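Please read the structure below before turning to the comments.
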Amino acid sequence: METTEAFRGLECVDCGAVHEATVATVCPDCGSSLDPVYEYTSISAESIRNEGDPDSGQTTPGIRARAREAFAALLPLAPETSLTAGEGDTPLVAAPRLADELDVAEVMIKDEGSNPTGSALDRGICLAVSAAAELAHEQSVEPLAVASPGNAGQSAAAYAGRADLRSYAFVPSRCAFPNKAMINVHGGEMQVAGGRLGDAVAALDDRLAADYHDLGAFVTPYRHEGAKLIAFEIAQEREWDAPDVVVVPATTGELVTGVAKGFHELETLGLVGATPAVVAAQADGCAPIAKALDEGNDQADPWELPDTIAGELEVPNPAGAAEAISAVRDTDGTAVTAADDEILESAVAVAANEVLEMGAAGGVAPAGAWKLASEDWFDPDDSVVLVNTGSGLKTPDVLRSHLMGRGVWISWGGCSREYP
Ligand SMILES: [Zn+2]
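Per the numbering used here: the sequence shown = residues 6 to 425.
Here's what the structure looks like:
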């Protein structure tokens with residue numbers, strides 16, 4: 006398996022052993038998750054900066070190199086051995102009305118809805134399936150399998166199709182219909198488990214008796230690694246001026262961990278001055294990472310009765326909870342939670358005022374920011390980035406039901422008015 010020059014291997018987060026990339030999933034010594042590590046002193050910050058600079062002469066004039074090429078030295082697989090469908094390079098959109106509302110200098114939304122399958126999960130799944138496809142030359146990896154609320158399953162089906170590998174997505178019955186439909190459309194096998202995410206996880210173990218290659222976050226070492234590109238792109242787009250705060254929907258912990266790791270690497274290389282405070286945002290009805298941070302714990306207890314309308318946020322036992330908790334602490338960030346009504350109202354308000362269509366789960370970022378603003382957590386001169394994890398087209402019914410539930414009648418013309 007061909008890896009990049011500075012890539013040192015996969016380091017176990019518990020026992021510290023560093024393994025070759027041919028180790029497909031968790032640490033063979035102790036079973037803990039693995040984290041890709043690099044020899045940073047052999048990476049040239051200058052060449053990364055120039056790759057990303059449209060006027061440097063190293064790229065076609067006026068055209069910025071794609072982030073995965075500009076930041077190739079900070080990824081485990083060379084771009085030429087990696088699958089791609091144009092994931093990443095998502096827009097960073099100014100939200101001036103939201104900045105006024107929150108009373109901060111600047112709010113920008115990193116819109117992950119424009120990834121190939123409409124969610125931020127494409128970043129990590131692309132890398133994880135690329136690694137599996139490389140491993141497939143040397144060992145058996147089929148079938149690929151993942152249990153997820155929906156987006157990771159859809160993404161896995163898509164990238165496995167490109168790699169010509171068989172895949173299974175295990176989703177709960179409550180999974181959003183667009184996810185289920187598109188898993189089929191991408192040619193993935195789908196297993197629907199009655200109930201919630203925990204039931205889909207159990208079904209993956211029960212029904213796939215044979216060996217499978219698990220694409221679960223922090224089982225594969227690559228999902229949080231792919232999420233680093235969110236940080237890289239934000240820094241590149243802002244011409245290496247890191248924002249003060251990044252608010253990230255927490256889900257499995259992979260996005261929080263990846264964003265913090267990405268900025269930390271840029272800081273190590275001197276490309277940004279400081280790592281922003283990373284805020285983990287969760288729903289009131291399923292907030293194991295926020296609770297652990299609140300109680301000063303290093304690990305999260307599984308959430309006993311998970312219940313939120315935003316299915317992607319309903320991850321009661323996040324695989325990367327410990328990593329996300331330490332990422333938030335290391336960056337002097339915090340956790341914030343919001344009620345379902347606040348989450349949906351926020352997604353609707355962003356759509357109404359800032360154009361962008363946020364999925365229900367993405368709504369927890371502005372909802373969390375509103376809550377932090379009400380607690381005077383921000384400085385008035387803060388630059389704040391909100392990560393929208395998925396397209397509004399994944400959950401339009403949920404957003405629309407919310408409007409109707411609060412008494413807004415939606416006409417055929419798409420206009421709305423209050424009921425008398
Ligand atoms: Zn280990």
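We put the beta carbon where it would ideally sit given N, CA and C, even for glycine. All values reported here derive from a predicted model rather than from experimental measurement.
Just to check, is the beta-carbon of residue i closer than 7 angstroms to a non-hydrogen atom of ligand 1?
i       : result
Ala-22  : yes
Asp-40  : no
Cys-291 : no
Ser-37  : yes
Asp-337 : no
Asp-34  : yes
Asp-19  : yes
Among the candidates the options, whose CA atom is the shortest distance from the CA of residue i?
i       : options                               : result
Gly-166 : Gly-278, Gly-193 and Val-277          : Gly-193
Pro-385 : Leu-408, Trp-245, Ala-110 and Tyr-173 : Ala-110
Val-360 : Ala-186, Asp-94 and Asn-393           : Asn-393
Pro-148 : Leu-234, Gly-129, Gln-159 and Asp-169 : Asp-169
Ala-163 : Ala-295, His-269, Ala-186 and Gly-200 : Ala-186
Thr-336 : Leu-318, Val-283, Glu-272 and Pro-323 : Val-283
His-407 : Ser-396, Leu-391, Gly-395 and Ala-344 : Ala-344
Arg-201 : Asp-34, Pro-177, Tyr-217 and Ala-181  : Pro-177
Pro-121 : Glu-92, Ala-104 and Glu-139           : Glu-92
Ala-332 : Asp-105, Leu-107 and Lys-233          : Lys-233
Pro-154 : Ala-138, Gln-144, Ser-135 and Ile-188 : Ile-188
Lys-115 : Glu-106, Asp-127 and Ala-100          : Ala-100
Ala-137 : Tyr-217, Ala-247, Asp-108 and Gly-21  : Tyr-217
Thr-27  : Trp-245, Val-146, Thr-342 and Asp-249 : Val-146
Ala-285 : Gln-304, Thr-342 and Leu-276          : Thr-342
Trp-382 : Asp-299, Glu-362, Lys-266 and Val-250 : Val-250
Pro-84  : Asp-127, Leu-132 and Ser-52           : Leu-132
Please state whether the Cβ-Cβ distance between residue i and residue j is less than 8 angstroms.
i       : j       : result
Gly-118 : Gly-364 : yes
Ala-208 : Phe-237 : no
Ala-150 : Leu-213 : yes
Lys-376 : Ala-181 : no
Leu-39  : Pro-226 : yes
Ala-125 : Leu-274 : no
Gly-199 : Gly-129 : no
Val-390 : Met-6   : no
Ala-11  : Ala-70  : no
Val-355 : Leu-140 : no
Ala-161 : Ser-172 : yes
Thr-30  : Leu-82  : no
Thr-262 : Ala-357 : no
Leu-318 : Ala-366 : yes
Tyr-43  : Arg-73  : no
Val-403 : Ile-314 : yes
Pro-264 : Ile-235 : The sequence given here places Val at residue 264; Pro does not occur at that position. Yes, these two residues count as a Cβ contact at 8 angstroms.
Leu-15  : Pro-41  : yes
**Request:** For the segment 341-350 and the segment 369-382, state whether three or more C-beta atom pairs, one from each stretch, are separated by less than 8 angstroms.
**Result:** yes
**Request:** Determine, using beta-carbon pairs with one atom in the segment 215-225 and one in the segment 243-255, whether at least three such pairs fall under 8 angstroms.
**Result:** no
**Prompt:** Does the segment 307-327 come close enough to the segment 240-248 that 3 or more CB-CB pairs lie under 8 angstroms?
**Reply:** no
**Request:** Would you check if there are 3 or more beta carbon pairs closer than 8 angstroms linking the segment 72-92 to the segment 327-343?
**Result:** no
**Prompt:** Do the segment 259-275 and the segment 32-51 touch if we need at least three Cβ pairs shorter than 8 angstroms?
**Reply:** yes
**Prompt:** Within the chosen definition, does the segment 291-299 reach the segment 314-333 through at least 3 CB pairs nearer than 8 angstroms?
**Reply:** yes
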